[in-house]
Amino acid sequence: MLMQYDVIVIGSGPGGYVAAIRCAQLGLKTAIIEKYATLGGTCLNVGCIPSKALLDSSEHYHNAAHDFATHGIKLENLGIDFGQMIKRKQEVVDANTSGIAFLMKKNKIDVYQGLGSFVDKNTITIKKADNTEQQITAASVIIATGSKPSTLPFIKIDKKRIITSTEALSLTEIPKHLILIGGGVIGLELGSVYARLGSKVSVIEYMDSIIPTMDRGLGRELLRVLKKLGMEFYLGHKVTGATAKGKEVTVTFDDPKGEKKELKGDYCLVAVGRIAYTDGLGLDKIGLTVEERSRKITVDGHLQTSVKGVYAIGDVIKGAMLAHKAEDEGTLVAEQIVGQKPHIDYNLIPGVVYTWPEVAAVGQTEEQLKEKGINYKTGSFPFRASGRARASGDLDGFVKVLADATTDEILGVHMIGPRAADMIAEAVLAMEYRASAEDVSRTSHAHPTYTEAMREACLAATGNRAIHI
Ligand SMILES: Cc1cc2nc3c(=O)[nH]c(=O)nc-3n(C[C@H](O)[C@H](O)[C@H](O)COP(=O)(O)OP(=O)(O)OC[C@H]3O[C@@H](n4cnc5c(N)ncnc54)[C@H](O)[C@@H]3O)c2cc1C
């Protein structure tokens, strides 16, 4: 029997599964197709969740090794059971992915395991692991097929010694010397995991700063902190090759003057970005093509492709490759299908780096405001002046608020410091309601909390009124 649905979602990452749940909540008969055995996509299986599990474990170890003594805590025979660390990471992943399976059941969403591909704009074939095929139909289809790691054209990923983030999350040993190609978010998070566990980590980055898409001040402070952790950086250096022989990898690169250099290590992590994934989707069957370089699917302002009733969301379309961006788009498409008029303000999607200290930002950077000729004022507050940060010993970093010079409206917030990933929510909410720096500065913030740094930065932005500096 040909199953008929209102909506079919292809891909079960944060874009797809959220879209499916919202569709079901709105009364639409919904199916979701996932080619892997577990739901949750990149984010839950080999992205956000496992990386955060390892970041937390390695942070505990690092604190025990380096900071506990100052707290008066003595430890003897401190060691790492790396196998247990990876096992725990997998348990965290499994708990999350089975949680999504439960949510599918709870919302009466039919789950199909297999590769989904278009027959026509309303019909999808599911190729299952046992080579059988099944067709299902729907009035609307949401493509949420995500992305995969990309590499440099001259580097072959062997998944053993020359690896991507996926393998870096499941190594069987702690690298002695990890050579990291790329100083972006994913690379630095995983690099800091292994640096904390004792690996020598060398980062080679083509640009002259790390996390180059974020406000420059954040990159400078993060660089200082990661160097303190022992990571070494080759900025403005261009990788020319990476080869593996036995247990050794050799990475060759040019320095800014064009001189040849070489590093040898036991693992090379290639973290140079991700590329949209549409393999096997059969886009040609419905007359869709992908953008040449990014492989992304083109959508309009309603996230509809050029084929009516076929939408695309998340990493497979333009914009930041972030789980919460994919989730918001999943919700938007579901609500649009039932005739609602939802809206996403892409300027207010926060970006976070889960190093320690964490880095988080929302809105415009100083560089963007200068480029647009917008007059702005700045207020900063360093964590070393925060009582809460003194108590925990997290003195690195700052909060920087950028506000319109005339209206005082907050235009951007950039922070690096303890729990910045959680703290950025206040800035997002303030900006969503178009708050001024003064609005936030007049809002009570519990003492002592890290969030007081946000209030102090807003006070600083409204005419040098910060209290604690
Ligand atoms: C190491 C790492 C850490 C990250 N950390 C963070 C973080 O902390 N915060 C954050 O916001 N983002 C993070 N990201 C990015 C985040 O994982 C992605 O932005 C997010 O997963 C995108 O969601 P999506 O739904 O678009 O696609 P995905 O999560 O990639 O899911 C797509 C799914 O579609 C399936 N699929 C593909 N084609 C088909 C087909 N034809 N048929 C059936 N199924 C198909 C795939 O198997 C996959 O499960 C991280 C990524 C990595 C790699």
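Note that the numbering used here has the sequence shown beginning at 102, numbered continuously upward. The C-beta atom is built at its ideal place from N, Cα and C for all residues, glycine as well.
Anticipated Cβ contact below 8 Å, residue i with residue j, distance rounded
i	j	result
Val541	Met555	7 Å
Ser266	Val147	7 Å
Gln441	Leu503	Rounded, the Cβ-Cβ distance is 33 Å, inconsistent with contact.
Val454	Leu129	Not a contact, Cβ separation roughly 36 Å.
Arg262	Val350	5 Å
Val582	Thr252	The first residue shown for the chain is 102 and the last is 570, placing residue 582 beyond what the model contains.
Ile210	Ala125	5 Å
Gly318	Lys501	6 Å
Glu533	Leu423	Not quite, the Cβ-Cβ distance comes to about 17 Å (not below 8 Å), so this is no contact.
Gly366	Ile280	4 Å
Ala166	Leu179	6 Å
Ser293	Leu327	7 Å
His569	Ala492	Not quite, the Cβ-Cβ distance comes to about 14 Å (not below 8 Å), so this is no contact.
Ile237	Leu140	Actually they do not touch by this definition, with Cβ atoms about 17 Å apart.
Asp290	Ser152	According to the sequence shown, residue 290 is Glu rather than Asp. About 5 Å separates the two Cβ atoms, so the contact holds.
Ile282	Cys369	7 Å
Ala427	Pro115	5 Å
Glu322	Ile517	5 Å
Ala239	Asp107	6 Å
Where residue i falls: helix, strand or coil (DSSP)
i	result
Gly128	coil
Ser251	coil
Glu533	helix
Lys229	coil
Lys265	Looking at the sequence shown, residue 265 is not Lys but Thr. Three-state result, Thr265: coil.
Ile210	coil
Val161	It should be noted that the sequence gives His, not Val, for residue 161. DSSP places His161 in helix when its eight states are reduced to three.
Glu333	strand
Glu110	What sits at residue 110 in the sequence shown is Val, not Glu. Strand, per DSSP.
Pro115	helix
Gly200	helix
Ile244	strand
Ser578	The structure shown does not extend to residue 578, since the chain spans only 102 to 570, so no value can be given for it.
Lys361	strand
Pro151	helix
Thr344	strand
Met205	helix
Gly173	coil
Asp316	coil
Glu467	helix
Leu103	coil
Leu216	strand
Asp355	strand
Ile181	coil
Gly383	coil
Thr390	coil
Lys339	strand
Val193	helix
Ile122	helix
Tyr474	As written in the sequence, residue 474 is Gly, which differs from the Tyr given in the question. Three-state DSSP puts Gly474 in coil, outside helix and strand.
Ala377	strand
Leu140	coil
Ala492	helix
Ala567	coil
Ala372	coil
Glu258	As written in the sequence, residue 258 is Ile, which differs from the Glu given in the question. Three-state DSSP puts Ile258 in coil, outside helix and strand.
Ile305	strand
Ile187	helix
Is the stretch 374-387 in contact with the stretch 408-418, if contact means three or more CB pairs nearer than 8 Å?
-> yes
Alpha helix (DSSP H) segments (min. 4 residues) lying fully within the stretch 395-464 = Taking only runs of at least 4 residues, the alpha helix (DSSP H) segments lying wholly in the stretch 395-464 are 424-438.
Whole runs of the beta strand (DSSP E) within the stretch 499-562, excluding any shorter than 3 residues = 499-505, 511-518
Flag this pair as touching only if the stretch 183-199 and the stretch 133-146 have three or more C-beta atom pairs under 8 Å; answer yes or no.
-> yes
Note down, one range per segment and in chain order, each alpha helix (DSSP H) of at least 4 residues found wholly within the stretch 267-298.
-> 286-297
Below 8 Å, can you find three or more Cβ-Cβ pairs linking the stretch 504-522 to the stretch 447-463?
-> In short, these stretches touch, since the Cβ pair count reaches three.
Below 8 Å, can you find three or more Cβ-Cβ pairs linking the stretch 292-301 to the stretch 385-394?
-> Below 8 Å, too few C-beta pairs join the stretch 292-301 and the stretch 385-394 to call them touching: fewer than three.
Meets three-Cβ-pair contact criterion under 8 Å: the stretch 115-128 and the stretch 243-252 | Contact annotation: the stretch 115-128 touches the stretch 243-252, with at least three C-beta pairs closer than 8 Å.
Decide if the stretch 546-562 is in contact with the stretch 470-484; the criterion is three or more beta carbon pairs, one per stretch, under 8 Å apart.
-> For the pair of segments examined, the stretch 546-562 was found to touch the stretch 470-484: the number of CB pairs separated by less than 8 Å reaches three.
Stretch pair the stretch 394-406 + the stretch 301-321: three plus CB contacts closer than 8 Å = no
Does the stretch 214-225 touch the stretch 158-165, meaning 3 or more C-beta pairs lie closer than 8 Å?
-> no
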